[in-house]
Structures are given as structure tokens and as C-alpha cells.
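Note that the numbering used here has the sequence shown beginning at 762, numbered continuously upward. Backbone N, C-alpha and C fix where the C-beta goes; we use that ideal spot for every residue, glycine too.
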Amino acid sequence: MINKQVRLAARPDGLPKDSDWEFTETPVPEPGEDEVLVKITHVSLDPAMRGWMNPGMTYIEGVELGDVMRAGTVGIVEKSNSPALSVGDAVTGVQGAQQYAVAKPRELQKVDPSLAPLERYLGILGMPGMTAYFGLLHIGRPEPGQTVVVSGAAGAVGSAVGQMAKAKGCRAVGIAGGPEKCAYVVDALGFDACIDYKNENVRAGLKAHCPDRVDIYFDNVGGEILDAVLARLAMHARVVISGAISQYNKSKFSGPNNYIALLSARARMEGFVVFDYAKQYGAAAVEIVKWMNEGKLKTEEHVIEGIENFPSAMLRLFSGDKRGKLVLAVAEG
């Protein structure tokens, strides 16, 4: 049995290139004492991975050259030397871009495949869903009637943020790229409006769709869009910094030029790391599932087949050629 793996071969300069990756094949490892062997079915593709490729770009230690690329995963236990997990159990973890991994049970979380497809545990029931939930509810603190604006609104995190805002009685205005995505955000997901940053003037769109200004801005992109929203903040607004995908492939990050708007609006801008809320994931999942059952929260996974497609699939994070949560299916046989 062979384990196909994707390893980091070079530090990218700008967008990752095919030469930045190395594909290897190794024997499937045997689990040791109190370990299990997981057959990975799906690998999560997330913007944060770009930061992990270059040490110092993010709060998490970078991936070493030659190592299997760090990635969230979901899979099935094939062998177990631990009483904590049994053969056939479905589990999530951070086992990397490969087809098999050995792990300790404490490194994994058991999930129920009868409640949702496995890939959904990498999306709305995984890190993106938790990011949306805690960023909006704990940092943004929405109140009924307030206006919530979210960038990257057609993505895994942004699409959840807008729907959660609606569930809390807020107006939800998205920012996304292209008429098709904006139509999806409004017609399928129920946002009140969506601004097409590729074909519209974002500042004009914010003025039109946020007549009472912006109470909460959930930022996934940074850059010029962040500056545009800062200019439209309501008094005592909250700006939630979740990510800055527009900056990840630049050699030097550009910060907000319009930060003085925080002063005049008496506003607050706060970043957060979703892993800080790990002990509360269970309670969050209960409310997320409740919203899903009530039809208030819809989700979608964009699944690409084949571990050999990892490099091109990852680039979709930055081109925007996706809708919902981007996932790579890697199991064979």
C-alpha cells in the first residue's frame, strides 16, 4: 500500500507555483502504541495555508521544506491500537496533504457521517464555520436591526457570516467578485444585498446598500476593500479581522490607510484566532446544526478530485474560481 503525499519544496514568491511542491510516494505507515491509522478522504484548502508556506507570515509556525503540507483533514480509521477510537470511526484533524496518516487519538476529533457528508466537517461544521460563528458573535456582537457587511461573501467563511447575521435579526450585505457570485449570495443565501467589487465602485455600493452605515464589518480580504468599509462605519462599529487574502501573495503587507475612521466613529477593530475558542466548538456546532435544520443556514462544498490536483486547486483560493468551501478529495479505491 502506497501513501501519496504533497510536500513543500520551496518558499513561494507571490502565488505558489508547481515547482514549489513535490509529490512523493511512501509506504503506508503502521500505527504504534495508542495510535491509529487514518485513511484520509478529504483535505481542506484554506487561505491560511499560504501563510504557513513562509515562516513569519502568520501566528502559526511555518511548514518546513520537505515536510508534508499542513492541512485540515477528514477520514476513516483503518487500524487502531487505541481503545479511544475504533476501526471505521470518522475523524477530523490536521494530518496534512496526504492519503494516510498515523495519529494519537487526542489529535483527532470523532465526527458522525450520518449527520452530514464528511467534507462538511471541513466547512460549516469545521474551522470555517467556527471562524464565522465566533468572529461574528463573540467579536462582532450583532444586535437585531444592525447592518453587517462581510467581504469574501461567497466563500466558506463569508457565506456563513451573512447567514448567521440574518439569523440574529441583522441586515446582511456581502462583497464578492462577479455577478454570478453576487446573485448566489442574494438569491440562494438570503443576503439583503451584495456588492460586486470587480464591476462596481465599492464605496458607492456601501452608500447605497448601507444607508445607516455599517455596524459590523467582517473582513476576510483586507486591502482597498477594508479601507472602503472603514469610511462607512457607524458610531461604535466593530471591525472583525478574520483574514486578508488580498495580501497573502505580496512580499509586503499594506495596512489600512483609512484607520483614522476608527477614531471618528469611536469604533473598534479586533483580530482573533479561532483556535482560542476550541473548548466551545461543541456548543457552537449545536447552534449551527439548529440553524441548518431550520433552513436558516445553507452551505456548499466545492470538491475537486485527486491529490495530484493539489497545486491547481489551491490557486482557486486566490483566483476566486470557487463557491463555498474548497475541498480536495484524495482517497483512492
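Interface flag, residue i vs chain D, CB-CB below 9 angstroms
i	result
Val835	No chain D appears in the structure shown, which is made up of a single protein chain.
Beta carbon of residue i nearer than 9 angstroms to that of residue j
i	j	result
Val1088	His803	yes
Val946	Cys955	yes
Thr908	Arg974	yes
Val767	Gly857	yes
Met891	Tyr1042	yes
Ser1015	Gly984	yes
Ala893	Val918	yes
Gly1081	Gly906	no
Ala1092	Lys800	yes
Lys929	Pro903	yes
Gly896	Val990	no
Glu941	Glu1062	no
Asp795	Lys871	no
Glu1069	Phe784	yes
Val982	Gly913	yes
Residue i to residue j span [Cα, whole Å]
i	j	result
Phe1033	Phe979	11 angstroms
Val863	Pro1017	43 angstroms
Arg1027	Ala992	13 angstroms
Phe1071	Arg1029	38 angstroms
Leu806	Ala1046	21 angstroms
Glu825	Pro773	13 angstroms
Val934	Gly823	34 angstroms
Met1053	Gly849	26 angstroms
Lys765	Ala1044	36 angstroms
Val922	Ala915	10 angstroms
Asn815	Val838	32 angstroms
Val852	Pro792	16 angstroms
Three-state secondary structure (DSSP) of residue i
i	result
Arg1084	coil
Arg964	helix
Val947	helix
Val922	helix
Asp795	coil
Lys800	strand
Asp779	helix
Arg811	helix
Lys929	coil
Ala1102	As displayed, the chain neither begins before 762 nor continues past 1094, which places residue 1102 out of reach and without an answer.
Lys942	helix
Ala917	helix
Whole beta strand (DSSP E) runs in the stretch 967-1050 with 3 or more residues, listed along the chain?
Unbroken beta strand (DSSP E) runs of no fewer than 3 residues, entirely contained in the stretch 967-1050, are found at 975-980, 994-1002, 1029-1032, following chain order.
Secondary structure, alpha helix (DSSP H): runs of 4+ residues fully inside the stretch 837-915
You should have 888-895.
3-residue-minimum beta strand (DSSP E) runs that sit fully inside the stretch 1045-1082, ordered along the chain:
Here the runs fully enclosed are 1062-1066.
Contact between the stretch 869-888 and the stretch 1077-1088 (3+ Cβ pairs under 8 angstroms):
The answer is yes - the stretch 1077-1088 touches the stretch 869-888, with three or more Cβ pairs under 8 angstroms.
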